[in-house]
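Numbering of the sequence shown is given in the working numbering, commencing with residue 500 and proceeding in unit increments.
Glycine is no exception: its CB is placed at the ideal position from the N, C-alpha and C atoms.
This report concerns only the one structure given below.
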Amino acid sequence: MLSRLLTCALALALLALGADVGFHAEAARPSLCDEVAGRKANPSAFAASLRRGEVGCLREGTYRSREPNIRLATPNVTLTSYPGEHATLLGRLRIEATADGAAVKGLTLDGRTTENRASPLIYADRFVLRDNVITNAHTAICVLVSQYPGAEMPEGVRIEGNRIHDCGVLPATNHEHGIYVSEARGTIIRDNWIYDNADRGVQLYPDADGSLVTGNVIDGNGQGVIFGGDDDDSSDDNLVERNIITNSTIRDNIASHWQGPTGSGNVARENCVWGGSGDEGGGVDRSDGFVAVRNRVARPRFVNPDRGRFELRRRSPCRDLLRGRHP
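Take a look at the structure:
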């Protein structure tokens, strides 16, 4: 009996201490977490420790990397907050081209660094970025989907259910965006709130093909969504559909820009648009390289956008256009 009591007491003590002993805290591990990081863990080392298929959970707190990047390089791993808690990663998150099928979910990603570089940077196929708060206090690009030199373009990246806000230096430079899809195929950007970013909310440039941008609130950015290309490439076959794209502060809500070949197959349809620097037609530019059809010019009637509340009021004229889950 005494032995059993001592065993129980030891288990309870380990549970109480588990949050602070670094990672591999067995007593603090719920069933969905394969590894648990305590509050003193190095997030770079913790991410590197995950094996294929494992879920790594961070206890509540702020984790600052001791290295220039927090890297995910292993396929099919998930980095997330401990159940019932919310953790913050401070520093640059880099998803390597080897991390196909990996995911980052349910975290605050504060990308502030001394180098002011894009974060998270995504090179991997089928990477999932979901249910996070993503910002950098107006210091750099936030989400960047791009091709690692010498590797194939990332395919099938999903960016879903995030709040992406206050990215990019001010005054605006025309180069720093909330989501920047540079070279990629089949990216899905869905059900996010993308707001108050210096330049574009979503930039598809210069070689982003087959993207789907749907169900998002894209409000108060320098510009809403742009289709674009450089001297050699163009972004083609992208669909921007059933979003609320409003109140762009510098340029149009939806536009295109081509430095070389003009894009083809790009469509912006059934979006609710309002305001914008060029507010004729709700701030939808009539330039080449995309077709705009059945977009609705209407004030969306958000609950409280100044406090980051982009739910729609009951009588919003945009309610029937916006579906799906949201942050």
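Per DSSP, the bridge partner or partners of I743: As a working note, residue 743 is residue 244 in the sequence shown. Looking at the DSSP output, I743 shares a beta bridge with V716, C771.
Residues in the same chain with beta-carbon distance under 6 angstroms from I640, minus the five sequence neighbours each way, listed in chain order, please. Here the question's residue 640 lines up with position 141 in the sequence shown. Its chain contains A617, E675, H676, Y679 as the residues whose beta carbon lies nearer than 6 angstroms to that of I640, once the 5 sequence neighbours on both sides are disregarded; these appear in chain order.
Name the two residues that bound the continuous alpha helix (DSSP H) containing P567. The count along the sequence shown starts at 1 and reaches residue 567 at position 68. Not the alpha helix (DSSP H): P567 falls in the beta strand (DSSP E), residues 560–571.
Euclidean distance between Cα positions of E654 and T686: Your numbering for residue 654 matches position 155 in the sequence shown. Your numbering for residue 686 matches position 187 in the sequence shown. So the alpha carbons of these two residues sit roughly 7 angstroms apart.
Got a sec? Which residues, its chain only, sit under 6 angstroms from F809 by beta carbon, not counting five neighbours each side? The residue given as residue 809 occupies position 310 in the sequence shown. Its chain contains W692, V716, F801 as the residues whose beta carbon lies nearer than 6 angstroms to that of F809, once the 5 sequence neighbours on both sides are disregarded; these appear in chain order.
For S645, does the three-state DSSP call read helix, strand or coil? Here residue 645 refers to the residue found at position 146 of the sequence shown. In the three-state DSSP reduction, S645 falls in the coil class, being neither helix nor strand.
Does the distance from the CB of N696 to the CB of H664 come in under 8 angstroms? By 1-based counting over the sequence shown, the position of residue 696 is 197. By 1-based counting over the sequence shown, the position of residue 664 is 165. Against a cut-off of 8 angstroms, the Cβ pair of H664 and N696 comes out as a contact.
In whole angstroms, what is the alpha-carbon distance linking P826 and P799? The residue labelled residue 826 in the question sits at position 327 within the sequence shown. The residue labelled residue 799 in the question sits at position 300 within the sequence shown. Annotation: P826 to P799 spans about 17 angstroms, alpha carbon to alpha carbon.
Between the segment 751–765 and the segment 809–821, do at least 3 Cβ pairs fall closer than 8 angstroms? A contact between stretches requires three or more CB pairs, one per stretch, nearer than 8 angstroms, and the segment 751–765 fails this requirement with the segment 809–821.
Quick one: is the Cβ of D690 within less than 7 angstroms of any heavy atom of the ligand FAD? The ligand FAD is not part of the structure shown, which contains no ligands of any sort.
Name the two residues that bound the continuous beta strand (DSSP E) containing S710. In the sequence shown, counting from the first residue as 1, residue 710 sits at position 211. It is not in any beta strand (DSSP E) - S710 carries neither H nor E in the DSSP assignment.
Taking the C-alpha atoms as reference points, what is the distance between P657 and R625? For the purposes of this step, residue 657 is taken as the residue at position 158 of the sequence shown. For the purposes of this step, residue 625 is taken as the residue at position 126 of the sequence shown. Note that residue 657 is Arg in the sequence shown here, rather than Pro. Using only the alpha carbons, I get a separation of about 7 angstroms.
In whole angstroms, give me the CA-to-CA distance for P670 and G700. The count along the sequence shown starts at 1 and reaches residue 670 at position 171. The count along the sequence shown starts at 1 and reaches residue 700 at position 201. P670 and G700: Cα-Cα distance of roughly 16 angstroms.
Taking DSSP as the reference, what is the three-state secondary structure of A636? Locating residue 636 in the sequence shown gives position 137, counting from the first residue. Three-state DSSP puts A636 in coil, outside helix and strand.
Between which two residues does the beta strand (DSSP E) carrying S815 extend? Walking along the sequence shown from the start, residue 815 turns up at place 316. Under the DSSP assignment, S815 falls outside any beta strand (DSSP E); it carries neither an H nor an E label.
Anyone know if the C-beta pair for R750 and G714 falls short of 8 angstroms? The residue given as residue 750 occupies position 251 in the sequence shown. The residue given as residue 714 occupies position 215 in the sequence shown. Cβ distance not < 8 angstroms, so R750 and G714 don't count as in contact.
Could you tell me which residues DSSP puts in a beta bridge with L589? If you number the sequence shown from 1, residue 589 lands on position 90. Answer is R563, D609, bridged to L589.
Measuring alpha carbon to alpha carbon, tell me which of A707, G723, G552, G719 ends up nearest S734. Translated into positions along the sequence shown, residue 734 becomes position 235. Checked all of A707, G723, G552, G719; the closest Cα to S734 is A707.
Rounded to the nearest angstrom, how far is the Cβ of E769 from that of R793, given a contact under 8 angstroms? Counting from 1 along the sequence shown, the entry for residue 769 is found at position 270. Counting from 1 along the sequence shown, the entry for residue 793 is found at position 294. The Cβ separation is near 5 angstroms, so the contact holds.
Applying the 10 Å Cβ sphere with the 16-neighbour rule, what's the burial state of A524? Taking the sequence shown and counting its residues from 1, one reaches residue 524 at position 25. Because the pLDDT at A524 is just 46, under 50, the model does not fix this residue reliably, and the value given afterwards should be weighed accordingly. A524 counts as buried, since no fewer than 16 other beta carbons sit within 10 angstroms of its beta carbon.
In chain order, what residues of the same chain have a beta carbon less than 6 angstroms from the beta carbon of N746, not counting five sequence neighbours either side? Working through the sequence shown from its first residue, we reach residue 746 at position 247. Within the same chain, and ignoring the five residues on either side of N746 in sequence, the residues whose Cβ sits closer than 6 angstroms to its Cβ are D718, G719, G774.
Using three-state DSSP, classify F545 as helix, strand or coil. Numbered from 1 along the sequence shown, position 46 holds the residue referred to as residue 545. Residue state, collapsed to three classes: helix.
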